[in-house]
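The next block holds one structure in the form of structure tokens; read it before the comments.
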Amino acid sequence: ASASSSSTVEDGDPLSPVEPSDSASVVDVNPPRGTRDFPPEDMRLRTWLFDQFREVSRIMAFEEVDFPVLESEALFIRKAGEEITQQLYNFEDKGGRRVVLRPEITPSLARLVIKQGKSVSLPLKWFTIGQCWRYERMTRGRRREHYQWNMDIFGMPKVRAESELLQAIILLFERLGITSSVVGIRVSSRKVLQAVLNMYSIPEHLFTEVCVIVDKLGKLTREEIEKELITTGLSSEAVQGIIEVLSLKSLPKLEEVLGSNVEAVADLKKLFSFAEQYGYADWICFDASVVRGLAYYTGIVFEAFDREGKLRAICGGGRYDRLLSTFGSEDIPACGFGFGDAVIVELLKEKCLVPDLSRQIDDIVFPLDEELEGPASSVASSLRRKGRSVDLVEDKRLKWVFKHAERINAGRLILVGKSEWERGMVRVKILSTREEFEVKAGELQ
Ligand SMILES: OCc1cccc(Br)n1
1011 ASASSSSTVE DGDPLSPVEP SDSASVVDVN PPRGTRDFPP EDMRLRTWLF
1061 DQFREVSRIM AFEEVDFPVL ESEALFIRKA GEEITQQLYN FEDKGGRRVV
1111 LRPEITPSLA RLVIKQGKSV SLPLKWFTIG QCWRYERMTR GRRREHYQWN
1161 MDIFGMPKVR AESELLQAII LLFERLGITS SVVGIRVSSR KVLQAVLNMY
1211 SIPEHLFTEV CVIVDKLGKL TREEIEKELI TTGLSSEAVQ GIIEVLSLKS
1261 LPKLEEVLGS NVEAVADLKK LFSFAEQYGY ADWICFDASV VRGLAYYTGI
1311 VFEAFDREGK LRAICGGGRY DRLLSTFGSE DIPACGFGFG DAVIVELLKE
1361 KCLVPDLSRQ IDDIVFPLDE ELEGPASSVA SSLRRKGRSV DLVEDKRLKW
1411 VFKHAERINA GRLILVGKSE WERGMVRVKI LSTREEFEVK AGELQ
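Counting the sequence shown from 1 gives a position; the working numbering is that position plus 1010.
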């Protein structure tokens, strides 16, 4: 979205007139609306979280990939009325190209799989962690960017793919100290809705639109959902039938309603039986109301939620077997999820599960006066070349240095003093034990 030249832009916040740089007023030091800075403490938490994402991806034998945040707008033009495509952060670049800051990562994955063509051996298991954007009117004060961990499997048509992705999500929760009593994962299949629409002979072309509407169950009232469904042309009998089936939370009941030979039932039964074997059955539950809001899902869908119901979905995903053909390529069965960096942090903070991530520095090197700044450089350099983290401090009073050592949890204080240096020595203080001794500068480890 580009800022207009008039006094306000479409999201209502008045544009401050651009001040000449020599004016008294300071530039606005806040990041753009809806975006975040990551000062060191926040960055340590983000890095720790992303390290957990990476470690689970490694354990699951996935390969890391990456894509530009900037993508062609064409990758995201879909007609199903999804929120994500109605909030595209789109603009025209200086070459007249229609581009976006990507709102999700799956289409980029699909694009690369198509581009790689026959050179990739299937199944392929790829993951990435990347920033995603939306242009949302700030009236709702929601963020415009977040980071998403995505794991996707291409070329695995059976529910093994969904079972693998569920294990990845559950391994992540367990690494964070979250148990199945705190978080659950609702699982269903869009084939449930497909079967219901078939029961009412509803035309295929309405399927995606109906999915996007019923995904708002829980956000809109039942009446609003029914009204939107009727608007798409469904009979009130069909609407009632859909709402009734989507309120089911028992797989045996679903089997009663749809019959045993419906693909949705077979898939879900297989998935729940695998879950027992993986040992994560207590994490997942069948809930027919789960459809997820992305147009391209075609099968099993799932979303993780906090059992207290205070937060938005923690992550979500599903099968999308026909995405590639929407880009003009031959379809490859695929399945994946997106896991955002914001809701999970809210949950960790609420459950006091954020680990101690304070700074840890091995050594502080401090010259006791100016003429020792050179020798302090060689002491610091030799320790760093041995892989130790060293904070080289000067022009400070010793009192400040001790305070600083505490602040950054330094292991040792290496004091470079004149009399010691003349004897080829430095003074070492172990900060945890207050133990102090001299060491030959050349033998410092
Ligand atoms: O999950 C929807 C979404 C997409 C892009 C950016 C943000 Br914040 N949220």
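Yeah, the Cβ is synthetic: ideal placement off N, Cα and C, and Gly gets one too. The structure presented is a predicted model; accordingly, all values stated were derived computationally and were not measured.
Counted within 10 angstroms of its Cβ, other Cβ atoms place residue i as buried (16 or more) or exposed
i               : result
glycine 1022    : Bear in mind that a pLDDT of 46 at glycine 1022, under 50, signals an unreliable position, so the number given afterwards is only what the model happens to contain. With fewer than 16 other Cβ atoms within 10 Å, it is exposed.
glutamate 1445  : exposed
threonine 1116  : buried
isoleucine 1223 : buried
arginine 1329   : buried
leucine 1408    : exposed
leucine 1132    : exposed
threonine 1149  : exposed
asparagine 1271 : exposed
arginine 1152   : exposed
valine 1110     : buried
glutamine 1204  : buried
valine 1039     : exposed
tryptophan 1410 : exposed
methionine 1435 : buried
Between the CA atoms of residue j and residue i - distance to the nearest angstrom
i               : j               : result
arginine 1108   : arginine 1056   : 32 Å
serine 1191     : arginine 1317   : 7 Å
leucine 1334    : glycine 1421    : 54 Å
threonine 1463  : tryptophan 1058 : Look at the range of the chain in this structure, 1011 to 1455, and you will see that residue 1463 is not part of it.
alanine 1011    : tyrosine 1145   : With a pLDDT of only 33 at alanine 1011, under 50, the local geometry of the prediction cannot be trusted, and the value read off the model is given with reservation. Distance between the alpha carbons of alanine 1011 and tyrosine 1145: 7 Å.
serine 1429     : alanine 1451    : 13 Å
aspartate 1162  : arginine 1147   : 31 Å
leucine 1122    : proline 1365    : 36 Å
isoleucine 1212 : valine 1037     : 57 Å
methionine 1070 : glutamine 1177  : 9 Å
glutamate 1184  : aspartate 1401  : 35 Å
tryptophan 1293 : isoleucine 1195 : 6 Å
valine 1130     : valine 1311     : 26 Å
valine 1019     : leucine 1098    : Since pLDDT at valine 1019 reaches only 46, below the 50 mark, its modelled position is unreliable, and no value is offered.
histidine 1414  : glutamine 1370  : 12 Å
glycine 1384    : proline 1049    : 32 Å
glutamate 1498  : isoleucine 1418 : Shown here, the chain extends from 1011 to 1455; a query on residue 1498 therefore has no answer.
Residue i (DSSP reduced to helix, strand or coil)
i                  : result
alanine 1090       : coil
arginine 1108      : strand
leucine 1357       : helix
phenylalanine 1447 : strand
cysteine 961       : Outside the displayed span of the chain (1011 to 1455) sits residue 961, for which this structure offers no information.
threonine 1002     : With the chain covering only 1011 through 1455, there is no way to say anything about residue 1002.
leucine 1207       : helix
serine 1016        : Because serine 1016 sits at a pLDDT of 40, beneath the cut-off of 50, its placement in the model cannot be relied upon, and the following sentence gives the value as read from the coordinates. Note: serine 1016 maps to coil in three-state DSSP.
valine 1267        : helix
proline 1290       : Note on identity: in this sequence residue 1290 is tyrosine, with proline being the wrong assignment. Coil.
phenylalanine 1164 : strand
glycine 1328       : strand
glutamate 1174     : helix
glutamine 1096     : helix
isoleucine 1188    : coil
aspartate 1297     : coil
Residue i at chain E interface by Cβ criterion, 8 Å
i           : result
valine 1255 : Of the protein chains in the structure, only one exists, and it is not chain E.
CB-CB length for residue i against residue j, believed under 8 Å
i             : j                  : result
valine 1426   : valine 1389        : 6 Å
leucine 1321  : leucine 1357       : 6 Å
leucine 1264  : valine 1275        : 6 Å
serine 1067   : phenylalanine 1137 : 4 Å
cysteine 1142 : glutamate 1174     : Actually they are not in contact, since the Cβ atoms of cysteine 1142 and glutamate 1174 sit about 23 Å apart, beyond 8 Å.
serine 1257   : serine 1299        : 7 Å
Any residue with its C-beta under 5 Å from a non-hydrogen atom of ligand 1 counts. Can you list them all in chain order? Pro1113, Cys1142, Arg1144, Arg1153 and His1156
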